[in-house]
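Chains A and B supply the protein sequences, listed in that same order. For the first sequence, position 187 matches number 187 in the working numbering, and the numbering has no gaps at all. To convert, count from 1 in the second sequence and add 1000; that's the working numbering.
Protein chains: 2
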Amino acid sequence: MKNIVLIGSGNVATHLGEALVGAGVVVTQVWSRTVDNAQLLAGKIGSEAVSDLALIRDDADAYIFSLVDDALGQVLELFPHKDKVLIHTAGSLSLDVLREYSAHCGVMYPLQTFSKSKSMSLSDVRILIEASDVGLLDRVRVLASRLSSRVSDASSEQRKYLHVAAVFACNFTNHLYSLAEDVLVQNGLDFNLVRPLILETAQKALLHSPHDVQTGPAVRGDQKIVDSHLELLNGDADLQKLYRDLSARIMGEPRF
Amino acid sequence: MKNIVLIGSGNVATHLGEALVGAGVVVTQVWSRTVDNAQLLAGKIGSEAVSDLALIRDDADAYIFSLVDDALGQVLELFPHKDKVLIHTAGSLSLDVLREYSAHCGVMYPLQTFSKSKSMSLSDVRILIEASDVGLLDRVRVLASRLSSRVSDASSEQRKYLHVAAVFACNFTNHLYSLAEDVLVQNGLDFNLVRPLILETAQKALLHSPHDVQTGPAVRGDQKIVDSHLELLNGDADLQKLYRDLSARIMGEPRF
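If you want it as structure tokens, here you go:
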């Protein structure tokens, strides 16, 4: 597959488009509902920007859909070229969402968190692939392998659980970082103070099962500290509840 | 302060004891309620192990209490040497917990997460210090500066908020890693798949405000995915509830 049309211009589409072009694949067009977004990415990777689905070329080897999952169905509904090779990049969506539009469909899910504000090489990112038939799976594998050295097969079912796990390990974790920042800033303290802690906690989880390296008042059963923290969070009932729930979970965890 | 008695043999005491000795400070004794634990640490740092408080020497320049916070009060109650320099290492405890036992007291709180299973140099760890008077604060600063290049003053009040923030950023985060591991293992998948995600999420928070780099279905308002994840977690009502609460928090966050 040497000639791709990229549908989408968000975080994943941006990283993917750059990686495709970096690997020598031609991205002929970038489609986005918002023409400015299409142009921004298309400009970076030497593609044509389109915001009208009717203008999408019919000669691409594959159409890669990298959209907010909610938008994918709407775009597919209006997509003009049926029975072409359609590929999506979504962790949580089954291959089946593409089947009603084409018999030739696949998935390339890069298992990483992307932000436009932080550049990242796809070359070390695991890409999980799936396809409607063995022949296409091989072609998807060849394409994915041009982007990354870590390509694995995963079924739609497996991808779903992986995505849930990723939400806990990444999205929810980042939200906890935000809460820590809020607590500090609201009390005139600098978020930098806990940044080394954030890195160390992550690095520990790279080497150990997180169950084995849990630290803090809850796992020590230090109810006095837990209570004093709850007291401190008195002004924010929601945050207090989250602290209580998470502490209770940790206290109730079976010990290893 | 060249001659220290270390009260405690847990994660923090172990790292502190090793760092003190590495910095040329003599740790004459290590006390722990459990003689085996006292011996384990004392053996590593060339100290005498004691498990009887009555056997603690009275000639130390300072007594550093590095205990589970719940235990500190009990041990202080029985501690034989009043009015010596008493120092604790706890983030959440006020300096006041020491005042009723000595007029000369201080705090040295290393702001990091310690596990016995992972070695770590204290030299880059921020140590927050406090003391009952300016003279002792200077002496505590000199001691802490032998261990780390990052020593800052922090009041008991500031330390409390810092500790709450650290619980969110580190302890609760690690618990989320555990939950991710559970979801994966229960579905025959390898925790290694999300480890790169964990590291990237942490690294992003070192460079950005976590509010600005939040990713995932909740922040995208992708209710379909959130619902499908909740459905997937159907077998574990508690976990489902945590997923729902955290997603609601992220969805309700003011946008920046």
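Backbone N, C-alpha and C fix where the C-beta goes; we use that ideal spot for every residue, glycine too.
Proximity winner among the options, relative to residue i (alpha-carbon distances)
i                       : options                        : result
residue 1231 of chain B : A/164, A/209, A/207            : A/164
residue 92 of chain A   : A/133, A/62, A/156, A/47       : A/156
residue 111 of chain A  : A/42, A/206, A/5, A/160        : A/160
residue 1168 of chain B : A/66, A/180, A/147             : A/180
residue 1103 of chain B : B/1047, B/1206, B/1133         : B/1133
residue 1172 of chain B : B/1242, B/1084, B/1121, B/1194 : B/1242
residue 1250 of chain B : B/1240, B/1152, B/1215, B/1235 : B/1215
residue 192 of chain A  : B/1006, B/1035, B/1240, B/1150 : B/1150
residue 20 of chain A   : A/236, A/135, A/123            : A/123
residue 127 of chain A  : A/142, A/237, A/83             : A/142
Neighbour flag for residue i against chain B, beta carbons, 8 Å
i                      : result
residue 249 of chain A : yes
residue 256 of chain A : Any reading at residue 256 of chain A must be qualified, since the residue scores a pLDDT of 41, below 50, and its modelled position is unreliable; the value itself is stated next. Not an interface residue.
residue 228 of chain A : yes
residue 112 of chain A : yes
residue 153 of chain A : no
residue 171 of chain A : yes
residue 80 of chain A  : no
residue 14 of chain A  : no
residue 257 of chain A : No statement about residue 257 of chain A is possible, as the shown extent of chain A runs from 1 to 256 and does not include it.
residue 178 of chain A : yes
Chain-ordered chain A contacts of residue i [CB-CB under 8 Å]
i                       : result
residue 1184 of chain B : 161, 162, 165
Chain B residues whose Cβ lies nearer than 7 Å to that of residue i
i                      : result
residue 175 of chain A : 1214, 1246, 1249, 1250
is_contact[residue i, chain A] using C-beta, thresh 8 Å
i                       : result
residue 1097 of chain B : no
residue 1065 of chain B : no
residue 1052 of chain B : no
residue 1222 of chain B : yes
residue 1236 of chain B : no
residue 1017 of chain B : no
residue 1225 of chain B : yes
residue 1088 of chain B : no
residue 1047 of chain B : no
residue 1133 of chain B : no
residue 1006 of chain B : no
Chain-ordered chain B contacts of residue i [CB-CB under 9 Å]
i                      : result
residue 233 of chain A : 1164
residue 76 of chain A  : Simply none; closest approach about 14 Å.
Chain-order list of residues whose beta-carbon lies under 6 Å from that of residue i (same chain, five-residue window excluded)
i                       : result
residue 247 of chain A  : 218, 226
residue 1131 of chain B : 1106, 1137, 1140
residue 1255 of chain B : The predicted position of residue 1255 of chain B is uncertain, since its pLDDT is 47 and thus under 50; no value can be drawn from it.
residue 194 of chain A  : 180
residue 1166 of chain B : none
residue 1240 of chain B : 1230, 1233
residue 1184 of chain B : 1191
Residues near residue i by beta carbon distance below 7 Å, same chain, minus five either side
i                       : result
residue 58 of chain A   : 81
residue 1032 of chain B : 1008, 1009, 1038, 1051
residue 1076 of chain B : 1101
residue 1054 of chain B : 1080
residue 113 of chain A  : 170
residue 177 of chain A  : 198
residue 24 of chain A   : none
Cβ-based neighbour list, residue i, same chain, cut-off 8 Å, excluding 5 preceding and 5 following
i                      : result
residue 204 of chain A : 210, 213
residue 44 of chain A  : 14, 17, 18
residue 72 of chain A  : 65, 88, 90, 93, 97
Interface residues of chain A facing residue i [CB-CB closer than 9 Å]
i                       : result
residue 1158 of chain B : 187, 188, 189
residue 1144 of chain B : What residue 1144 of chain B touches in chain A: nothing, since even the nearest Cβ is about 15 Å away.
residue 1011 of chain B : 215
Amino acids of chain B, ordered along the chain, whose beta-carbon sits closer than 8 Å to that of residue i
i                      : result
residue 200 of chain A : 1112, 1113, 1120, 1170
residue 125 of chain A : 1196
residue 102 of chain A : Going along chain B, no residue has its Cβ under 8 Å from residue 102 of chain A, so there is no contact; the nearest lies around 21 Å.
residue 181 of chain A : 1165, 1209, 1210, 1211
residue 92 of chain A  : 1217, 1225, 1228, 1229
residue 206 of chain A : 1195, 1198, 1199
Proximal residues of chain A, C-beta to C-beta of residue i below 7 Å
i                       : result
residue 1068 of chain B : 220, 222
Residue i at chain E interface by Cβ criterion, 8 Å
i                      : result
residue 242 of chain A : Judged by its chain identifiers, the structure shown contains no chain E, and its protein chains are A and B.
Q) Which ranges would you report for the alpha helix (DSSP H) in the segment 72-126 of chain A if only whole runs of at least 4 residues count? A) 96-99
Q: Taking only runs that begin and end inside the segment 1148-1185 of chain B, name each unbroken beta strand (DSSP E) of 3 or more residues, in chain order.
A: 1151-1153
Q) What alpha helix (DSSP H) runs, 4 residues minimum, are completely inside the segment 1004-1078 of chain B? A) 1011-1022, 1035-1045, 1069-1078
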